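Down below is the structure, laid out as structure tokens.
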Amino acid sequence: MGNSRLPRSNCIDWLAKGPFAAHIDAYKQYLVERGYAANTLSNCMRSVAHFAQWARGRRLRVQHMDESVVVEFLDTHLPGCRCTGSICRHRASLSAALGHLLVVLRTRGVVAPPKVDLTPVEGELQRYDTYMDHVRGLAPKTRSIALRIVRRLL
């Protein structure tokens, strides 16, 4: 990673002392492997430093990071941000950089996979499966066959 510019020292301090310290090298490697330019890498690092500063101040744990925490940062902190130093305040850049951060954290098993909202059909099938299991006491194979049939009807 010799050709990538590093962000200014206060940014590096926030990264080194912040909640993402153990994952910054993996994050940089992720960006380099995808061919991001040195300037983009620097902007991403400043974005993560800004988020790290905010997260540290709120005493948020890395394990609890997800899209909702990023949205809270972007929607509540960013509009009135008075953070000092060489940080990124551009919403689109922050959103992109933090999206990449979540990918890295999930790949490393630190953050849980994103919650997938069930479609109404999937929700109904799940409730029906629970009913067949707990109320009717049906075997898994029988339930699987019944669910396949009901799925086609819905």
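If you're matching positions, the sequence shown starts at 757 in the numbering used here and goes up one per residue. Think of the CB as a built atom: it goes at the ideal place given N, C-alpha and C, for glycine as much as any other residue. Since we're looking at a predicted model, the values are computed, not measured.
Is there a C-beta anywhere in chain E that falls below 7 Å from the one on Arg908? No chain E appears in the structure shown, which is made up of a single protein chain.
Exposed or buried, Ser798, counting other C-beta atoms within 10 Å across all chains shown (16 or more means buried)? buried
So, is Tyr887 buried or exposed, given that buried needs 16 or more other C-beta atoms within 10 angstroms? exposed
Pull up the distance between the alpha-carbon of Gly758 and that of Arg790, whole angstroms please. Its pLDDT being 42, under 50, Gly758 is placed unreliably by the model, and nothing is read from it.
Under the three-state reduction of DSSP, which class applies to Arg761: helix, strand or coil? With a pLDDT of 43 at Arg761, under the threshold of 50, the modelled position of this residue cannot be trusted; read the value that follows with caution. Three-state result, Arg761: coil.
Return the chain-ordered list of same chain residues with a C-beta closer than 6 Å to the C-beta of Tyr786, the five sequence neighbours on each side being excluded. Val860
Using CA coordinates, which residue listed in Ala793, Trp810 and Asp822 is at the minimum distance from Ser837? Just to set this straight, residue 837 is Cys in the shown sequence, not Ser. Per the Cα distances, Trp810.
Buried or exposed, going by whether 16 or more other CB atoms sit within 10 Å of the CB of Val827? exposed
Inspect the CB distances between the stretch 819-826 and the stretch 872-885 and report whether three or more fall short of 8 Å. no
Excluding five sequence neighbours on each side, which residues of the same chain lie with their C-beta closer than 7 Å to the C-beta of Ser849? Asn799 and Ser803
Which value, in whole angstroms, describes the spacing of the CA atoms of Ala868 and Arg862? 6 Å
Endpoints, the alpha helix (DSSP H) within which Ile780 is located: Ile780 to Glu789
Tell me which residue opens and which closes the alpha helix (DSSP H) that Met801 is part of. Ala794 to Gly813
Which complete alpha helix (DSSP H) runs does the stretch 830-863 hold, if anything under 4 residues is left out? 847-863
In this structure, how does DSSP classify Thr875 when only helix, strand and coil are distinguished? coil
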